[in-house]
Structure formats: structure tokens, C-alpha cells
Amino acid sequence: MKLNLYKTNLLISFFALFGSLFFQYVMNYAPCTLCLLQRFCFISILIVALLSIYMKGKKLLFHILNFLFITSGILLSLRQVYLQRFATYDSMLCEPQELKSVYEMTLSEIFRNIYSGTTSCSEINYYLLGLSLAEWSFVIFILLLTLNIFCINKNTNWN
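The numbers in my numbering rise by one with no breaks, and the one at position 87 of the sequence shown is 1195.
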């Protein structure tokens, strides 16, 4: 059985997005800035997967974009896991303007929030099988990275 890398990426990203939207709209958990940025990474991986399925000639570009978004997702989820597990509330910025939606922020505000951390990013609202949602996001990004490395090493034909 041959594993189609981009269809697998598409499926995994779709279920990760479905899960995040389920927790936001059904379970009423408001996503923090880091959650939204991780969601952006999943959306980007999904778009790259869709493009690669229908555009056969640019596999190297799609591999590079995939690794960029997967690595970004890993770093963002690691940052959130760190904030949830190790950061103290005293070390985090809790300014009123940080309660704005990520869509209302400038790029510099988004990066400041990522590196300073907010109380909402450090809160653990839900555990699933003993892991927080940020830890699950990290696991999914690591799974995507592992699958991508495995498939690329197995089949180095870029077309």
C-alpha cells in the first residue's frame, strides 16, 4: 500500500481543524492567540496539501512550504505547552489590549503576545486522554513531521 503524503496531510489537518472548531463553537472554549496561530498552520498545511494534489509539477516547493508550516506549528505549540506547564502568572503580560482578537492585532502585537505570553494562553481548559489541547496540537504536528520525513526519505522523486 502506497501512502499518499499530501492526502494524509489533508486528512490529518482537516481533523485537527475540525477538532479546534468543535471545541470553539460546540464546547465554547475561546481560542487564545497561540491557538489561532496553530490553527493558521493547520489551514496552511491543508491548503498546501490541496494544491499539491491538483498541481503535480511543484513538489519541491510544496515540501518546503509543508516543512515551514509544520515547524512553525511545532514551535507555537511548544511555546504554549511551556506557558501552560512552566510559566508563572507573574511573568506574563496581562494587558487589556491583549484581549483583542488576533485578527484585530498588528503583526508586532501578535509577535509580542507570542513571546510574552498571556494568561489565556497559559490556561488549560480541557484535558483529552491526559493531555491538554496544546499538547495534542504538538503531538499532531510531530506526527505530520514524522510522516513527511518518512515519505520524503522513502520516495525522493520530487515530481
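Heads up, the beta-carbon is just placed ideally off N, CA and C, and yes, glycines get one too.
Report task. Return the CA-CA distance between Glu1061 and Tyr1162, expressed in angstroms with no decimal places. Result -> Only positions 1109 to 1267 of the chain appear in the structure, and residue 1061 is not among them; the question remains open.
**Report entry** With 16 other Cβ atoms within 10 Å as the buried cut-off, status of Ile1120
**Finding:** buried
Query raised in the report: Would you call the stretch 1131 to 1143 and the stretch 1152 to 1168 touching, i.e. three or more CB-CB distances under 8 angstroms?
Result: no
Report task. In angstroms with no decimal places, state the Cα-to-Cα distance between Thr1179 and Leu1253. Result -> 8 angstroms
Requested in this report: Note down, in chain order, each residue of its chain lying with its Cβ closer than 6 angstroms to the Cβ of Phe1177, except the 5 sequence neighbours on either side.
Outcome: Cys1149, Ser1152 and Ile1153
**Report entry** Beta-carbon proximity of Leu1159 to Phe1170, cut-off 8 angstroms
**Finding:** yes
Query raised in the report: If you draw a straight line from the C-alpha of Phe1194 to the C-alpha of Gly1127, how long is it?
Result: 25 angstroms
**Report entry** Own chain partners of Arg1147 with C-beta closer than 6 angstroms, once the 5 adjacent residues on each side are dropped
**Finding:** Ser1128
Report task. Assuming Ala1157 contacts Tyr1114 (C-beta within less than 8 angstroms), just tell me the rounded distance between them. Result -> 4 angstroms
Report task. Go ahead and pull the three-state DSSP assignment for Tyr1235. Result -> strand
Query raised in the report: How long is the line joining the alpha carbons of Gly1283 and Lys1262, rounded to whole angstroms?
Result: Residue numbering for the chain in the displayed model covers 1109 to 1267; residue 1283 lies beyond these limits and cannot be assessed.
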